[in-house]
Structures are given as structure tokens and as C-alpha cells.
Amino acid sequence: MKKVIQTISLLFLFVTLTSVSLHKFYVSVNQLDYVPQKKAIEITSRLFIDDIDLALEKKFNKKIYLGTSKELKDSKEYLQKYFQEKFSIKVNGQEKEIHFLGKEVEDNVLICYFTIKNIEKVSSLEIKDAILMELYDQQHIFHTNIAGNKQSLLLTSGKMRGVLNY
1 MKKVIQTISL
11 LFLFVTLTSV
21 SLHKFYVSVN
31 QLDYVPQKKA
41 IEITSRLFID
51 DIDLALEKKF
61 NKKIYLGTSK
71 ELKDSKEYLQ
81 KYFQEKFSIK
91 VNGQEKEIHF
101 LGKEVEDNVL
111 ICYFTIKNIE
121 KVSSLEIKDA
131 ILMELYDQQH
141 IFHTNIAGNK
151 QSLLLTSGKM
161 RGVLNY
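For the sequence shown, the UniProt record's numbering begins at 1 and goes up steadily by one.
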């Protein structure tokens, strides 16, 4: 009887632990680097393709098919419009224009490249990121490297804006 109870307990533990891994985790990872020679902040964002594809479909009532042979030719414009609405950065208290440079696909991840130009010095960054928050309990992790000063920031649906000081 004791062995049966142990077996049932182990089976319950296994089912509990494996069912946790089936729950999808909604996260993006972003890298912001200040490049003094270019007087620019370079940004790389990594998002899951299926999530961003769904967000674009809901926003524009069109299937975009990111990363497939059926991808719409104007997908970059749809991404740019979406990002402009959902993602912003203030440098030293001033809102800056974020230029969407392009994208590439790596497995099931969409890697997007942005830049902010004409930045002489960075003493603070205020980041607002609401990407995918209309769909999920999304988390955005930002790793920054400003003049060798590395900091990280976590934004969530409960905290879509954060400030880093350098």
C-alpha cells in the first residue's frame, strides 16, 4: 500500500511539473547599446513570430504570415506602424524617434532592428513597451549598455514604462 501511495504521489508530481511546462511563456528580449561614434542607440528586439503575427492580424485585419513564403510584401510597413504605436523611448527626458531598420527570422523568433539617431550623451532612458500586451500577460526584458554601464529593466502588463539612470 505504501508503494502505491508513493507511486501515485510521484505520478501526481510528474503530471504537475510537466503541465507547468506546457503553459506558454510570453517574453521578449531587447538589447539597447549606445554607440558614441555613431551618436546613436542601436536596439535589437526578439519576439516570437506567432505572437507578433497574431497581434498584426488583430490590429490590421490581415494575415501577414511573417517568416513564411506567403509573407506580405508590405509587412515591414505593418510592423513599423504597430511598433510606433506600442513602443517609445525618451532619452534624457525627450521623446525620440525610433527608426525601424528591418527584421530577420531565426527559427520561431522575429529579430527586429531599430536605431535612435543624433544622441550626444545618455543620462536617462525612459522606455515604454506595450507590444503584445493587448493579447497576453507579456514581459519585456531590456538589457542596456550605455558607455559601459550595463543595466536591465523588466516591463510587464502591470508596469509598461520604466526609467534607467546612468
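Cβ atoms here follow ideal geometry from the backbone N, Cα and C, with glycine treated the same way.
Exercise for the section: Could you name the residues of the same chain whose beta carbon sits closer than 6 Å to that of L47, not counting the 5 residues immediately before and after it, in chain order? Expected result: Taking L47 as the centre and dropping the five residues before and after it, the same chain places the C-beta of S28, L110 closer than 6 Å to its C-beta, in chain order.
Practice task
Taking A55 as part of the alpha helix (DSSP H), name the residues at either end of that continuous run.
Solution key: A55: member of the alpha helix (DSSP H) spanning 49-60, first to last residue.
Exercise for the section: Any chance you could list the beta strand (DSSP E) runs of at least 3 consecutive residues sitting entirely within the region 56-102, in chain order? Expected result: The region 56-102 contains these whole beta strand (DSSP E) runs: 87-91, 94-96.
Problem - Best match in S157, Q138, V163 for proximity to K24 [C-alpha to C-alpha] - result: By alpha-carbon distance to K24, the top candidate from S157, Q138, V163 is Q138.
Problem - Residues near Q31 by beta carbon distance below 6 Å, same chain, minus five either side - result: Within the same chain, Q31 has close Cβ partners T44, H143.
Exercise for the section: Determine the direct distance from the alpha carbon of Y166 to that of K76, and round the result to whole angstroms. Expected result: Distance between the alpha carbons of K76 and Y166 is about 33 Å.
Handout entry: Contact check, I64 vs Y78, beta carbons under 9 Å
Key = Here I64 is near Y78, since their CB atoms are less than 9 Å apart.
Practice task
Tell me whether Q37 sits in a helix, a strand or coil according to DSSP, three-state version.
Solution key: Coil.
Practice task
Determine the extent of the beta strand (DSSP E) in which F114 is found, giving its start and end residues.
Solution key: Start and end: 109-116.
Exercise for the section: Would you kindly work out how many angstroms separate the C-alpha atoms of Y82 and G93, rounded to a whole number? Expected result: Roughly 23 Å between the two C-alpha positions.
Practice task
Pull up the distance between the alpha-carbon of R161 and that of I127, whole angstroms please.
Solution key: Taking the straight line from one Cα to the other gives about 6 Å.
Exercise for the section: Would you mind sorting S21 into buried or exposed? The rule is 16 or more other CB atoms within 10 Å of its CB. Expected result: Because the pLDDT at S21 is just 44, under 50, the model does not fix this residue reliably, and the value given afterwards should be weighed accordingly. Exposed: under 16 other Cβ atoms inside 10 Å.
Practice task
Give the DSSP bridge partners of residue 170, in chain order.
Solution key: No answer is possible for residue 170: it lies beyond the span of the chain, which begins at 1 and ends at 166.
Problem - Contacts around V105, its chain only, beta-carbon distance under 6 Å, and the 5 residues preceding and following it disregarded - result: Once the five neighbours on either side are set aside, the close Cβ partners of V105 are G67.
Problem - Length of the line joining the Cα atoms of K150 and V163 - result: It is roughly 14 Å from the alpha-carbon of K150 to the alpha-carbon of V163.
Problem - As assigned by DSSP and simplified to three states, the class of I119 - result: Taken through DSSP and simplified to helix, strand or coil, I119 comes out as coil.
Practice task
Report the rounded CA-to-CA distance for K39 versus I49, giving the unit in angstroms.
Solution key: In a straight line, the C-alpha of K39 is about 31 Å away from that of I49.
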